[in-house]
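Asker: Dumping the structure here so I can ask a few things about it.
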Amino acid sequence: MKSLNHILPKITFVCIVVASFFLPIKTSISNIGLIGLVVTTFLSFGLNGFQKKGKLSYFILFSPMVFFLPLLWGWLYSPVKADAWYEISKYIFLGITPLFLFRKDIAASTFRKYACYGILSGTVLSGLFLLVLNFYNYSQTNYPLHWLLNYTFTSFNFLSPLKDMHPIYMGMYFSMALAILLFAKLKLSKIVQVLSFVVLTLAIVFFASRIIYAIFILLVLLYLLHNLSFKSFAVLITGVLILVVLGFNFVQKTYLYQKTVNNTIWELQENAGTINTSKSQKVDSRWSRWQVAVETIKEKPILGYGGGAENEILLEKYQQYQMKNSAEMHYNAHNQFLGFFIRFGVVGTLLLLLYFVRNGITAFKYQNLLFLCFLTILFWAFMVENILDRNMGINFVALFGTLFYAEFLAKETKNKEDEVAN
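Here this note's numbering is used: the first residue of the sequence shown is 41, the next is one more, and so on.
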């Protein structure tokens, strides 16, 4: 028993590294890491028992458990019980990974260290691999330089060597790694920090995800405001603006500009069955799908339609409004808040909002900039994608949501001990 007690935390650390390192490389291997984390957690309970930390209501509402809870009651009134049950099984990591918080044998600071090193090394290595391959492929062509920023070498084409990866999910991982690099104070040499920043930034550029660009700018601005004087900040921003103006003619020719500017305008207007800026096929804008989602919500606003029902309900609406592309692709709402509203009504959506508001206040209270970055990344990703409908999003939220709530509990416990001591 003693030897198992000694080795169990080490196995857990390996699982944390595997789960975080493989997030940007192979989701199925990341799954194995999370499964290992859960198994070692239950073994730890058997050997050492539980350690009650904080209020149970806080655990339910402010850890990743809050994303799992609505699925349980949503199953009860779902018109598609099989789909609702499948949804529960897919979201299960959000419900069981937070149980790690009740372990006695691993501190939150240790969890943070291994998870941070894991995702940082995974993103830098995968980013370096993708960049080298991308530049090599470009070198084999006769295209002009600006073509490097066209669709041929960006977005899904850039990510194609890593099968089944999506620009927004990869953007979340890389943004989190960037936040870790900027705010986690890891023991890395300056040269490693600079090279890692360059790799992460270049990879984010080639992801061609508008929301990730916005998140990147927010993270960098937060870092600059936190570390520079106002004068230095103003000079730096002025320099960046000058570079933007000088490079505008070059960038304007690229797919990235068309997608970031023109396509964003198109996406935020009512466009159903029209040709977007890529001029390749007739599609439906996000705004049009959001309008359909809102119309759907109005019919059952309190508890929603139940678990697993979102796609089926939206499909009927898409067909009703003759949104052929959305119907053929079986698109969801492309907004996590609207998706939850359709499935679980105002009750489920308020739980999501409560998670962000309360944890945001906590991050400010304890000046946990890394936690604030995580919430920022997650909130804005939720605005444009059903992040929790894929394991790529579930694993990320289960792992890092648990990590940051563990830090909150550790801080609260320390404060109470200090109060007792005084």
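By construction, the Cβ of each residue, glycine as well, lies at the ideal position given by its N, Cα and C atoms.
#1: Kindly confirm or deny that the segment 62–78 and the segment 429–449 touch, where touching means at least three C-beta pairs closer than 8 Å.
#2: Counting Cβ pairs, one atom from each stretch, are 3 or more of them under 8 Å apart for the segment 131–143 and the segment 443–452?
#3: Give the single residue among Y297, N289 and V332 whose Cα lies nearest to the Cα of E310.
#4: Compute the Euclidean distance between the alpha carbons of C55 and F175, then round it to the nearest angstrom.
#5: Is the distance from the Cβ of V51 to the Cβ of T81 below 7 Å?
#6: Jot down the residue ranges of each uninterrupted alpha helix (DSSP H) in the segment 330–381, minimum 4 residues, whole runs only, in chain order.
#7: Which class does I305 belong to by DSSP, given the choice of helix, strand or coil?
#8: Less than 8 Å between the CB atoms is what I'm expecting for T163 and F214, so what's the real figure, rounded?
#9: Could you check whether A349 and S328 sit closer than 7 Å to each other, using their CB atoms as the reference points?
#10: Taking buried to mean at least 16 other C-beta atoms within 10 Å of its own C-beta, is S19 buried or exposed?
#11: Do the segment 416–424 and the segment 186–205 meet, that is, are 3 or more Cβ pairs less than 8 Å apart?
#12: When you compare the segment 147–158 with the segment 374–385, are there three or more beta-carbon pairs, one atom per stretch, that lie closer than 8 Å?
#13: V323 by DSSP, collapsed to three states: which one?
#14: Is Y126 close to the ligand NAD? I mean its beta-carbon at under 6 Å from any heavy atom of the ligand.
#15: Would you mind stating whether F193 and Y209 have Cβ atoms separated by less than 7 Å?
#16: Looking only at C-alpha atoms, which of L355, R250 and M212 sits nearest to L308?
#17: Taking the straight line between their C-alpha atoms, what separation do you get for C156 and F436?
#18: Within 10 angstroms of the Cβ of Q298, are there 16 or more other Cβ atoms? Answer buried if so, exposed if not.
#19: On a CA-only basis, which of N316, A373 and K322 is nearest V334? Give me that one, please.
#20: Just list the residues that DSSP pairs I315 with in beta bridges.
#21: Please return the same chain residues whose Cβ sits closer than 6 Å to the Cβ of L265, not counting the five positions on each side in sequence.
#22: What are the uninterrupted segments assigned as alpha helix (DSSP H) that are 4 or more residues long and contained completely in the segment 237–281, given in chain order?
#23: Could you tell me how far apart the beta carbons of L168 and V245 are, in whole angstroms, since I believe they sit closer than 8 Å?
#24: For M369, count the other beta carbons within 10 Å of its own beta carbon; 16 or more makes it buried, fewer makes it exposed. Which is it?
#25: Checking 7 Å against the spacing of the C-beta atoms, do V57 and G158 come in under that value?
#26: Within this structure, are the beta carbons of I434 and F108 separated by less than 7 Å?
#27: If you count every other CB in all the chains shown that lies within 10 Å of the CB of Y371, and 16 or more means buried, which is it?
#28: Kindly indicate which residue of D145, T278, N71 and L112 has the alpha-carbon position closest to the one of G89.
Answerer: Let me spell this out:
#1: Flag = yes, the segment 62–78 and the segment 429–449 touch.
#2: Three or more beta-carbon pairs separated by less than 8 Å link the segment 131–143 to the segment 443–452, which places the two stretches in contact.
#3: Against the sequence shown, residue 310 aligns to sequence position 270. Taking only the C-alpha atoms, the option nearest E310 is V332.
#4: The sequence position of residue 55 within the sequence shown is 15, counting from 1. The sequence position of residue 175 within the sequence shown is 135, counting from 1. Put simply, the backbone Cα of C55 is about 33 Å away from that of F175.
#5: Within the sequence shown, residue 51 is the residue found at index 11, counting from 1. Within the sequence shown, residue 81 is the residue found at index 41, counting from 1. Note that residue 51 is Ile in the sequence shown here, rather than Val. T81 is positioned such that its CB atom lies no closer than 7 Å to that of I51.
#6: If you keep only unbroken alpha helix (DSSP H) runs of at least 4 residues inside the segment 330–381, you get 350–360 and 364–369.
#7: By 1-based counting over the sequence shown, the position of residue 305 is 265. Helix.
#8: Here residue 163 is taken as the residue at index 123 of the sequence shown, counted from 1. Here residue 214 is taken as the residue at index 174 of the sequence shown, counted from 1. Indeed, because the Cβ distance is near 5 Å, the residues count as touching under 8 Å.
#9: For the purposes of this step, residue 328 is identified with residue 288 of the sequence shown, where counting begins at 1. For the purposes of this step, residue 349 is identified with residue 309 of the sequence shown, where counting begins at 1. Against a cut-off of 7 Å, the Cβ pair of A349 and S328 comes out as no contact.
#10: The question about residue 19 has no answer, for the chain in this structure spans 41 to 462.
#11: Between the segment 416–424 and the segment 186–205, the count of C-beta pairs closer than 8 Å stays below three; the two stretches do not touch.
#12: Between the segment 147–158 and the segment 374–385, the count of Cβ pairs shorter than 8 Å is below three; the stretches do not touch.
#13: Counted from its first residue, the sequence shown places residue 323 at position 283. In this structure, DSSP gives V323 an extended state, which the three-state scheme calls strand.
#14: Of the ligands one can find in the structure shown there are none, so the ligand NAD has no counterpart to examine.
#15: Translated into positions along the sequence shown, residue 193 becomes position 153. Translated into positions along the sequence shown, residue 209 becomes position 169. Cβ atoms of F193 and Y209: not closer than 7 Å.
#16: What you label residue 308 is simply residue 268 of the sequence shown in a count that begins at 1. Shortest Cα-Cα distance from L308 to any of L355, R250 and M212 involves R250.
#17: Residue mapping note: residue 156 aligns to position 116 of the sequence shown, counting from 1. Residue mapping note: residue 436 aligns to position 396 of the sequence shown, counting from 1. Straight-line Cα distance between these residues: approximately 12 Å.
#18: Position 258 of the sequence shown, counted from the start, is the residue given in the question as residue 298. It is buried - the Cβ of Q298 has at least 16 other Cβ atoms within 10 Å.
#19: Start at 1 with the first residue of the sequence shown, and residue 334 comes out as number 294. Nearest of N316, A373 and K322 to V334, Cα basis: A373.
#20: Position 275 of the sequence shown, counted from the first residue, corresponds to residue 315. As computed with DSSP, I315 is found in a beta bridge with K322.
#21: One-based indexing of the sequence shown puts residue 265 at position 225. Cβ within range, chain order: n/a, list empty.
#22: Counting only runs of 4 or more, we get 250–267.
#23: By 1-based counting over the sequence shown, the position of residue 168 is 128. By 1-based counting over the sequence shown, the position of residue 245 is 205. In this structure L168 does not touch V245 by the C-beta definition: roughly 14 Å separates them, more than the 8 Å allowed.
#24: Along the sequence shown, read from residue 1 onward, the residue named residue 369 stands at position 329. Answer is exposed; the Cβ neighbour count stays below 16.
#25: Within the sequence shown, residue 57 is the residue found at index 17, counting from 1. Within the sequence shown, residue 158 is the residue found at index 118, counting from 1. Their beta carbons are under 7 Å apart, which means V57 touches G158 by this criterion.
#26: Looking up residue 434 in the sequence shown gives position 394. Looking up residue 108 in the sequence shown gives position 68. Using a Cβ distance threshold of 7 Å, I434 and F108 do not count as a contacting pair.
#27: Here residue 371 refers to the residue found at position 331 when the sequence shown is read from its first residue. It counts as buried.
#28: Taking the first residue of the sequence shown as position 1, residue 89 is located at position 49. Checked all of D145, T278, N71 and L112; the closest Cα to G89 is D145.
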